[in-house]
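*Asks:*
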Amino acid sequence: MTATTSPASSGNVDQAELDKFSALASRWWDPESEFKPLHAINPLRLNWIQQHTGPLAGKRVVDVGCGGGILSESMARAGATVTGIDLAEKSLKIAKLHGLESGVKVDYRTVSAEQLAAEQAGQFDVVTCMEMLEHVPDPASIIQACSQLARPGGWVFFSTLNRNPKSFLFAIIGAEYLLRLLPRGTHSYEHFIKPSELATSARRAGLQVADLGGMEYNPITDTYKLSRDTSVNYLVATQREA
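Be aware that the sequence shown starts at 24, since it is given in the numbering used here, and climbs by one per residue.
#1: Please report the distance separating the alpha-carbon of Cys152 from that of His210.
#2: Please report how far the alpha carbon of Val179 lies from the alpha carbon of Thr244, in whole angstroms.
#3: Rounded to whole angstroms, what's the CA-CA distance from Glu154 to Ser182? Just pull it up for me.
#4: Assuming the contact rule is C-beta atoms closer than 8 Å, Ser262 and Gly177 should be a hit. Round their C-beta distance to whole Å, please.
#5: Alpha carbons only, please: which of Gly122, Leu120, Val85 is nearest the one belonging to Asp109?
#6: Can you grab the Cα-Cα spacing for the pair Trp71 / Gly34, in whole Å?
#7: Report the CB separation of Leu249 from Leu47 in whole angstroms; it is logged as a contact under 8 Å.
#8: Which class does Ser224 belong to by DSSP, given the choice of helix, strand or coil?
#9: Who are the near neighbours of His62 in its chain, counting only those whose CB is closer than 7 Å to its CB and skipping five residues on each side?
#10: Report the residue ranges of all alpha helix (DSSP H) runs contained in full by the stretch 129 to 166; include only those spanning at least 4 residues, in chain order.
#11: Between which two residues does the beta strand (DSSP E) holding Asn241 run?
#12: For a test of the three-state rule: what should DSSP assign to Ile117, helix, strand or coil?
#13: Might you give, ordered along the chain, the residues of its own chain that have their beta carbon closer than 6 Å to the beta carbon of Ser95, omitting 5 neighbours on each side?
#14: Just grab the DSSP bridge partners of Leu184 for me.
#15: Would you check if the distance between the CB atom of Ile327 and the CB atom of Ala225 is smaller than 7 Å?
#16: Cβ atoms of Leu184 and Glu157: under 7 Å apart, would you say?
#17: Please report the straight-line C-alpha distance between Phe191 and Tyr212, rounded to a whole angstrom.
#18: Which residue from Thr246, Glu264, Val255, Thr253 puts its Cα closest to that of Ile64?
#19: Could you tell me if Pro78 is buried or exposed, where buried requires 16 or more neighbouring beta carbons within 10 angstroms of its beta carbon?
#20: State buried or exposed for Arg203, treating a residue as buried only when at least 16 other CB atoms are found within 10 Å of its CB.
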């Protein structure tokens, strides 16, 4: 797939999900918009990644499901050579425009993870796939593609939402309906993924789970922090088998 190929031609995509994020594309870089939570957690995500990889300077990184480029740009600012991929063309257009304004260079491509893995297998030191797995029909296929993209010994990072009554209460009822941190309908509970399920798919893809962490939100202070509580939002650090 090239940048001129229609996103709908990829099998592992939910068109309704693409449409949902495309409709919000112009607000990706507004820190007070629907994407405020992503801006707030981005320093935490970047720190989590660098805790495991060490400095990103000089490393080749691919950000799978990069959206408007919030994480992609921060990794490029840290000195990495970053490729950002997504199938939401409007979001990528915003990412490219923001890159022109900020002067931060990221290679953005409209391509699926599976197709890029076929083109550039084993070419990346670091692969990130954050807040994406819960939005695709076949998360295991994305995990497999991320493993293929990483070089032997390379790091692959995921973050997503756990599936249990607490996560339904916090991530959907709380975040979307009560606190209105996210637009209603952002998440579907049935698409949430238990850490054990993600770990199983990772192992099948040739990835070894190195660390599991949580992310918590305090509505009183309106702040996020990393923790060991993985009951709602969680992050997984894996390494491809050498």
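Where a beta carbon is used, it is the ideal one built from N, C-alpha and C, also for glycine.
Note that this is a predicted model, so its numbers are computed, not measured.
*Replies:* So, to answer that:
#1: 17 Å
#2: 31 Å
#3: 5 Å
#4: In the sequence as presented, Ser is not what sits at residue 262; that position holds Gln. Contact holds; Cβ gap of about 7 Å.
#5: Measuring C-alpha to C-alpha distances from Asp109 to each of Gly122, Leu120, Val85 identifies Val85 as the nearest.
#6: 31 Å
#7: Not really, about 26 Å apart at Cβ, beyond 8 Å.
#8: helix
#9: Pro54, Ile93
#10: For the stretch 129 to 166, whole alpha helix (DSSP H) runs of length 4 or above, ordered along the chain, are 136 to 142.
#11: 230 to 241 is the span of the beta strand (DSSP E), which, as asked, contains Asn241.
#12: Residue state for Ile117 is assigned as helix, using DSSP reduced to three classes.
#13: Asp86, Cys89, Val105, Gly107, Val129
#14: In DSSP, Leu184 forms a bridge with Asn256.
#15: Residue 327 is absent from the model: the chain starts at 24 and stops at 265.
#16: Leu184 sits close to Glu157, with the two beta carbons spaced by under 7 Å.
#17: 6 Å
#18: Thr246
#19: exposed
#20: Exposed, by the Cβ-count rule.
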